[in-house]
Each structure stands twice: as structure tokens, then as C-alpha cells.
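With the working numbering applied, the sequence shown covers 17 to 177. Note that beta-carbon positions come from the ideal geometry of N, C-alpha and C, so glycine has one too. See below for the structure under consideration.
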Amino acid sequence: MPDRKTIFVLNGPNLNMLGTREPEIYGRETLADIEAACAAWADEHGVRLDFRQSNREGELVDWIQEARKSAVGIVINPAAYTHTSVAILDALAAAGLPVVEVHLSNIHKRERFRHHSYVSRAATGVICGLGSHGYVLALDAMARLAGGRRPARRAKKARRR
Ligand code: CA2
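Here it is as C-alpha cells:
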């Protein structure tokens with residue numbers, strides 16, 4: 017639906033494995049369950065979601081660049097790339113969009129190497145430790161942050177008239 021605002025929800029490596037291991041840390045829900053909860057939120061709010069997962073850093077960077085042209089905001093769980101990826105940080109910073117970083121687990125309660133997030137420097141806000149509900153909270157926040165925004169391509173067209 018071209019008239020609806022699109023929010024990108026991007027998921028990093030191994031999140032496709034949710035629900036199969038470590039339920040004490042990540043819960044029992046699968047990524048498909050989380051996508052369904054996000055889709056229900058989107059229906060209620062009249063917003064279009066583009067929900068994706070990749071195990072490849074470069075693909076996530078490509079999607080962030082794509083969001084710059086067609087989305088009004090990015091919700092991202094960069095998973096392990098949170099703690100390593102300057103490439104994802106740079107892409108998010110260049111996107112010029114509101115960004116909500118989300119983590120299922122409370123990364124600050126876990127191993128020391130998870131306490132630092134490169135991505136947070138480019139995030140408008142961060143939600144962690146609230147399990148899958150964190151995604152819906154991130155979308156609620158995004159609805160406010162992206163309030164009056166239009167995707168870049170649409171804004172350009174409007175200026176040409
Ligand atoms: O808490 C989060 O959402 C994380 O982003 C999840 C990442 C982790 O590296 C971050 O430190 C925190 C891990 C996602 C992989 O999750 C799996 C779940 C079940 C089985 C295998 C992996």
C-alpha cells in the first residue's frame with residue numbers, strides 16, 4: 017500500500033533460531049511469533065511494516081540504506097552485531113531516520129562484552145530486557161518519533177510539484 021507509512025523492523029544474526037534454545041534468556045517465542053505480534057500492531061495503527069532477518073552484516077547495511085529511501089523509521093535488533101559492527105552504526109547514522117534499538121534480553125545484566133553497543137550511538141532510544149514485548153514497545157515509540165514523517169522519495173516528489 018503506497019500511501020501507508022513503512023517502518024522497517026530489522027533482525028540480526030541467529031534471531032531466526034529463537035524458540036529453539038536458551039528460552040531462559042530469550043523466551044519461548046519464535047521470530048515468526050514476534051513478527052505476528054508486530055503485524056497485529058501495524059494493522060491496528062494503519063502502518064505498513066517490513067519485517068526482515070539476516071545473518072549477514074552487509075545485507076543488514078543494504079537494508080538500512082534501502083530504509084533511507086522508503087521508510088519513516090527503523091526498529092532494529094542487531095543481535096551479536098550490536099557489540100561489533102561499526103558498519104551498521106555508520107549506516108544507521110547516515111540513514112537520517114529515527115532508530116529504536118531493541119534487545120530481548122537485558123544486555124547489561126549479561127556478560128561484560130554485551131554491555132557495549134556500537135549501535136546505540138545512532139539510536140534515538142533503546143529498549144532491552146522486556147522480551148518480545150520490547151518490539152511492540154519499540155513500535156509504539158516509533159509511531160511518535162516518526163509522527164509527521166513521509167518516506168524520502170515521497171517528500172521529494174511533493175517538492176517537485
Ligand atoms: O537480547 C537480544 O535480543 C540480543 O540482541 C540477542 C543476541 C545477542 O547476541 C545480543 O547480545 C542480545 C543473540 C540472538 C541469538 O539468539 C538465539 C536464540 C536461540 C538460539 C540461538 C540464538
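Distance from the Cα of D59 is smallest, within the candidate group T22, G112, N122, for T22.
Inter-residue distance for L113 and D156 is about 16 Å (C-alpha atoms, whole angstroms). Between L120 and N93, the alpha-carbon positions lie close to 8 Å from each other.
Residue nearest to V142 within the set H131, H99, E117 is E117 (criterion: CA-CA distance). Runs of the alpha helix (DSSP H) lying entirely within the region 141-167, each at least 4 residues long, are 149-161 in chain order. At least one heavy atom of ligand 1 sits closer than 7 Å to the Cβ of L34. Between ligand 1 and A96, a heavy atom-to-CB distance of less than 7 Å is present.
By the C-beta density criterion, G28 is buried, having at least 16 other C-beta atoms within 10 angstroms.
Rounded to whole angstroms, A168 and R84 show a C-alpha spacing of 7 Å. When only Cα atoms are considered, D106 and G145 end up about 25 Å apart. For I123, no beta strand (DSSP E) segment is defined, and its DSSP state is neither H nor E. Under the 10 Å beta carbon count, G150 is surrounded by 16 or more other beta carbons and is classified as buried.
Residues I123, H124 of the same chain have their beta carbon placed closer than 8 Å to that of H131, with the five preceding and five following residues left out of the count. The alpha-carbon separation between D78 and S133 amounts to approximately 20 Å.
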